[in-house]
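Engineer: Please find one structure pasted underneath; my questions will follow.
Numbering (the numbering used here), first residue to last: 105 to 417.
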């Protein structure tokens with residue numbers, strides 16, 4: 105999608121109506137048939153002045169109203185200007201057919217869009233993550249929007265309403281994809297974490313405890329990352345190690361936090377030297393405990409990072 109959503113890629117579409125229709129599909133997740141039949145005056149404004157899209161949902165045969173992104177609203181306004189220039193007498197449709205349509209009453213043809221999408225994918229040299237050339241359908245944009253909304257934490261029932269799904273089972277497909285993506289990310293994280301002693305924590309995806317650990321990771325407290333790593337404890341009312349994560353046996357961290365650890369280690373050395381000069385030996389003891397952890401964590405994470413870079417190259 106990143107390859108297709110850029111201004112450079114969109115400029116390769118053959119005409120303005122097609123370009124505006126593609127952006128509308130990407131931003132709203134409408135079915136192609138419903139988008140082609142949008143009324144010319146399809147925008148309404150809510151009580152806060154935000155633009156909403158009014159359309160007919162052909163699957164459930166009802167009129168729907170959903171909020172528009174700023175990009176979608178701007179695109180639709182530009183399409184209205186374009187239609188007025190093509191049909192000075194007016195058109196009832198936002199996307200009238202390009203040819204053989206003197207009064208603008210015939211809608212954009214869905215088969216035309218399908219053909220233009222195939223040609224567009226070839227023109228942009230669209231490729232998947234393996235480098236294989238691919239094409240997309242208009243319906244893929246709908247799936248992408250649904251998945252993005254789930255990934256952003258939008259509740260399933262809201263996504264269902266927004267996309268006009270007749271049943272929650274249709275929307276749950278996106279939630280399932282989200283779970284798969286997050287599980288993969290968790291397993292990647294679990295394979296690279298170290299504890300406060302700089303020891304790699306073992307992780308076996310086939311272990312019977314894996315599901316329980318996955319659940320623990322997703323519970324509210326565990327899902328919140330610390331500035332320099334993650335808490336490996338299940339949610340509870342109190343933490344026995346307040347503000348002392350570097351000396352807590354439940355602390356876990358990964359190479360993404362290396363810059364923070366390095367900066368903290370440099371600051372900590374300065375604090376130790378200052379405390380020693382001031383004769384604050386109890387503070388020195390506490391700071392050295394944190395420094396011992398940092399001195400173990402940093403080289404362990406550097407080794408993991410180097411290993412990952414070697415694998416990637």
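Glycine residues also receive a C-beta, built at the ideal position from the N, C-alpha and C atoms.
What residue range is occupied by the uninterrupted beta strand (DSSP E) comprising residue 105?
Structural biologist: Counted from its first residue, the chain shown places residue 105 at position 1. Segment: none, residue 105 is in no beta strand (DSSP E) and carries neither H nor E.
Engineer: Rounded to whole angstroms, what's the CA-CA distance from residue 302 to residue 268? Just pull it up for me.
Structural biologist: On the chain shown, position 198 is the one that residue 302 refers to. On the chain shown, position 164 is the one that residue 268 refers to. Approximately 50 Å, taken between the alpha carbons.
Engineer: Helix, strand or coil for residue 150, going by three-state DSSP, please let me know.
Structural biologist: To locate residue 150, count along the chain shown from 1; it is residue 46. Residue 150 falls in the coil class under three-state DSSP.
Engineer: Let me know the secondary structure DSSP gives residue 284 once reduced to three states.
Structural biologist: For this step, residue 284 is matched to residue 180 along the chain shown. Residue 284 falls in the helix class under three-state DSSP.
Engineer: Please classify residue 368 as buried or exposed, where buried requires at least 16 neighbouring CB atoms within 10 angstroms.
Structural biologist: Start at 1 with the first residue of the chain shown, and residue 368 comes out as number 264. Per the 10 Å Cβ criterion, buried.
Engineer: What whole-angstrom Cβ distance do residue 305 and residue 226 have, given they're in contact under 8 Å?
Structural biologist: Looking up residue 305 in the chain shown gives position 201. Looking up residue 226 in the chain shown gives position 122. Contact flag wrong, Cβ pair sits at about 47 Å.
Engineer: So the beta strand (DSSP E) residue 166 belongs to, where does it begin and stop?
Structural biologist: Counting from 1 along the chain shown, the entry for residue 166 is found at position 62. First-last of the beta strand (DSSP E) with residue 166: 166–171.
Engineer: With 9 Å as the threshold, decide whether the Cβ of residue 161 is near any Cβ in chain D.
Structural biologist: Chain labels in this structure do not include chain D; a single protein chain is all it has.
Engineer: On a CA-only basis, which of 112, 404 and 201 is nearest residue 230? Give me that one, please.
Structural biologist: What you label residue 230 is simply residue 126 of the chain shown in a count that begins at 1. Ranking 112, 404 and 201 by Cα distance to residue 230 puts 112 first.
Engineer: Using the Cα positions of residue 165 and residue 148, report the straight-line distance between them to the nearest angstrom.
Structural biologist: Looking up residue 165 in the chain shown gives position 61. Looking up residue 148 in the chain shown gives position 44. For residue 165 and residue 148, the distance between alpha carbons rounds to 20 Å.
Engineer: Grouping DSSP H, G and I as helix and E and B as strand, with all else coil, what is residue 477?
Structural biologist: Outside the modelled stretch of the chain, which goes from 105 to 417, sits residue 477, for which no answer is possible.
Engineer: Provide the residue(s) that pair with residue 160 in DSSP beta bridges, ordered along the chain.
Structural biologist: The sequence position of residue 160 within the chain shown is 56, counting from 1. DSSP lists 167 as partners of residue 160.
Engineer: Less than 9 Å between the C-beta atoms of residue 376 and residue 298, yes or no?
Structural biologist: Residue mapping note: residue 376 aligns to position 272 of the chain shown, counting from 1. Residue mapping note: residue 298 aligns to position 194 of the chain shown, counting from 1. In this structure, residue 298 does not lie closer than 9 Å to residue 376 by Cβ.
Engineer: Residue 132 and residue 181 - do their beta-carbons sit closer together than 9 Å?
Structural biologist: For the purposes of this step, residue 181 is taken as the residue at position 77 of the chain shown. For the purposes of this step, residue 132 is taken as the residue at position 28 of the chain shown. No; because the gap between Cβ atoms is not below 9 Å, this pair is not in contact.
Engineer: For the segment 230–282, list the alpha helix (DSSP H) runs that are entirely contained and at least 4 residues long, ordered along the chain.
Structural biologist: Listed in chain order, the complete alpha helix (DSSP H) runs (minimum 4 residues) inside the segment 230–282 are 242–255 and 260–267.
Engineer: Give every residue of the same chain whose Cβ lies closer than 6 Å to the Cβ of residue 329, excluding the five residues on either side of it in the sequence, and list them in chain order.
Structural biologist: Locating residue 329 in the chain shown gives position 225, counting from the first residue. Because the pLDDT at residue 329 is just 49, under 50, the model does not fix this residue reliably, and the value given afterwards should be weighed accordingly. None.
Engineer: Mark residue 425 as exposed unless 16 or more other C-beta atoms lie within 10 angstroms of its C-beta, in which case mark it buried.
Structural biologist: A question about residue 425 goes unanswered here, because the residues of the chain that appear run from 105 up to 417.
Engineer: For residue 371, is the classification buried or exposed, using 16 other Cβ atoms within 10 angstroms of its Cβ as the cut-off for buried?
Structural biologist: For the purposes of this step, residue 371 is taken as residue 267 along the chain shown, with counting starting at 1. Burial call: exposed.
Engineer: Entirely within the segment 341–400 and at least 4 residues each: give me those alpha helix (DSSP H) ranges in chain order.
Structural biologist: The qualifying runs are 362–382.
Engineer: Going by C-alpha distance, which of 125, 290 and 261 is nearest residue 212?
Structural biologist: Position 108 of the chain shown, counted from the start, is the residue given in the question as residue 212. Of 125, 290 and 261, the residue nearest in Cα terms is 125.
Engineer: Measure the C-alpha to C-alpha separation of residue 354 and residue 296 and round it to an integer number of angstroms.
Structural biologist: Locating residue 354 in the chain shown gives position 250, where the first residue counts as 1. Locating residue 296 in the chain shown gives position 192, where the first residue counts as 1. Approximately 15 Å between the Cα atoms of the pair.
Engineer: Which residue from 385, 300, 387 and 417 puts its Cα closest to that of residue 358?
Structural biologist: Residue 358 sits at position 254 when you count from the first residue of the chain shown. Comparing Cα-Cα distances from residue 358 to each of 385, 300, 387 and 417, the minimum goes to 300.
Engineer: Have a look at 248, 246, 277 and 244 and flag the residue whose alpha-carbon is nearest the alpha-carbon of residue 260.
Structural biologist: Taking the chain shown and counting its residues from 1, one reaches residue 260 at position 156. Measuring from the Cα of residue 260, the nearest candidate turns out to be 277.
Engineer: For residue 361, tell me which candidate among 309, 247, 315 and 404 has the shortest Cα-Cα distance.
Structural biologist: Translated into positions along the chain shown, residue 361 becomes position 257. Among 309, 247, 315 and 404, the Cα nearest to that of residue 361 belongs to 404.
Engineer: Does residue 250 pass the burial test, meaning 16 or more other C-beta atoms within 10 Å, or should it be called exposed?
Structural biologist: Stepping through the chain shown from its first residue, residue 250 is reached at position 146. By the 10 Å Cβ count, residue 250 comes out buried.
Engineer: Does the beta-carbon distance from residue 108 to residue 240 come in below 9 Å?
Structural biologist: Reading the chain shown from its first residue, position 4 is the one you call residue 108. Reading the chain shown from its first residue, position 136 is the one you call residue 240. Yes, Cβ-Cβ distance for residue 108 and residue 240 is below 9 Å.
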